[in-house]
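Following: one structure in structure tokens, then a few remarks.
Residue numbers (the numbering used here): 626 to 890.
Following this line, the structure appears as structure tokens:
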């Protein structure tokens, strides 16, 4: 019997990514209860459909002042499953920030709301922004982090609700992140081909990494975590089908039209 090398490699890769993402999620700071009224010189910039209440704003400002931050990227407490997994595949809240990591992660964000110090907003020449589409939010995040490379951080806002995901924004967002769309598509289909190849070579062994891929969301978010995705049962049960649907939708759909009420300058 031939040793199932492909299945073993897939299993190792998935197990490593699962444990790493789980560790990073546990390292996320959570906003504490709202503190005293904050300085007026703080601004909230948000995506379309996102509402940041006064308590969350005060808590975010207090968090920023405690940690000497100029920018707090708010992570919804119920951020959708695949979005959280993808974000924390690349972002490590507890890691030391290197120049290479700064360049690579400058535009990565939870994509919902930013609480920004007035001084940073003035340096970046941004007066305000609300109702942003996903691409505009990425552009705004990159602009602000360019001016505050070491004073930006993420924090979970338990009261902030995640906005719905629209797969039609997938390709435009990849371009905004400077990720070649063909490369991203090739990676996804290579992963699926890897599962198929592993099952073909060694059916029983090949099913193990596929099962781990299927259950990965549940394994990542099981137990005590600051993020509790509302779509976790559905995202786990239907994961292979949802992954395929998302990419087919992203490839075939046209970009939605949307104008922000106050686009970033």
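Don't be surprised by glycine CBs; every beta carbon is placed ideally from N, CA and C.
Distance between residue j and residue i (C-alpha atoms, nearest Å)
| i | j | result |
| --- | --- | --- |
| residue 703 | residue 629 | 38 Å |
| residue 741 | residue 856 | 29 Å |
| residue 774 | residue 692 | 14 Å |
| residue 698 | residue 833 | 37 Å |
| residue 836 | residue 813 | 17 Å |
| residue 806 | residue 873 | 13 Å |
| residue 762 | residue 828 | 44 Å |
| residue 871 | residue 844 | 22 Å |
| residue 881 | residue 830 | 42 Å |
| residue 714 | residue 674 | 26 Å |
| residue 640 | residue 752 | 44 Å |
| residue 863 | residue 645 | 23 Å |
Coarse secondary structure for residue i, derived from DSSP in three states
| i | result |
| --- | --- |
| residue 743 | helix |
| residue 848 | coil |
| residue 790 | coil |
| residue 822 | helix |
| residue 779 | strand |
| residue 863 | coil |
| residue 757 | strand |
| residue 808 | helix |
| residue 770 | helix |
| residue 816 | helix |
| residue 856 | coil |
| residue 881 | coil |
| residue 628 | coil |
| residue 652 | coil |
| residue 889 | Low confidence applies to residue 889: its pLDDT is 47, below 50, so where it sits in the model is not reliable, and the reading given next is rough at best. Residue 889: coil per DSSP, three-state reduction. |
| residue 752 | coil |
| residue 784 | coil |
| residue 636 | helix |
For residue j and residue i, believed in contact at Cβ under 8 Å, the rounded distance
| i | j | result |
| --- | --- | --- |
| residue 770 | residue 696 | 7 Å |
| residue 707 | residue 860 | 6 Å |
| residue 782 | residue 701 | 6 Å |
| residue 709 | residue 680 | Their Cβ separation, rounded to whole angstroms, is 23 Å, which puts residue 709 and residue 680 out of contact at 8 Å. |
| residue 787 | residue 705 | 6 Å |
| residue 779 | residue 735 | 7 Å |
Test: residue i CB closer than 9 Å to a CB of chain B
| i | result |
| --- | --- |
| residue 807 | Any reference to chain B falls outside this structure, which holds one protein chain only. |
Contact test: residue i Cβ vs the ligand GDP heavy atom, cutoff 8 Å
| i | result |
| --- | --- |
| residue 791 | The model on display carries no ligand, and the ligand GDP is accordingly not part of it. |
Report task. Within the segment 655–739, note down every full beta strand (DSSP E) run reaching 3 residues or more, in order along the chain. Result -> 667–671 and 696–701
Query raised in the report: Per the contact definition of three or more C-beta pairs closer than 8 Å, is the segment 734–748 in contact with the segment 663–672?
Result: yes
Query - Cβ contact check for the segment 647–655 and the segment 842–854: 3 or more pairs under 8 Å - result: yes
Query raised in the report: Within the chosen definition, does the segment 824–837 reach the segment 774–792 through at least 3 CB pairs nearer than 8 Å?
Result: no
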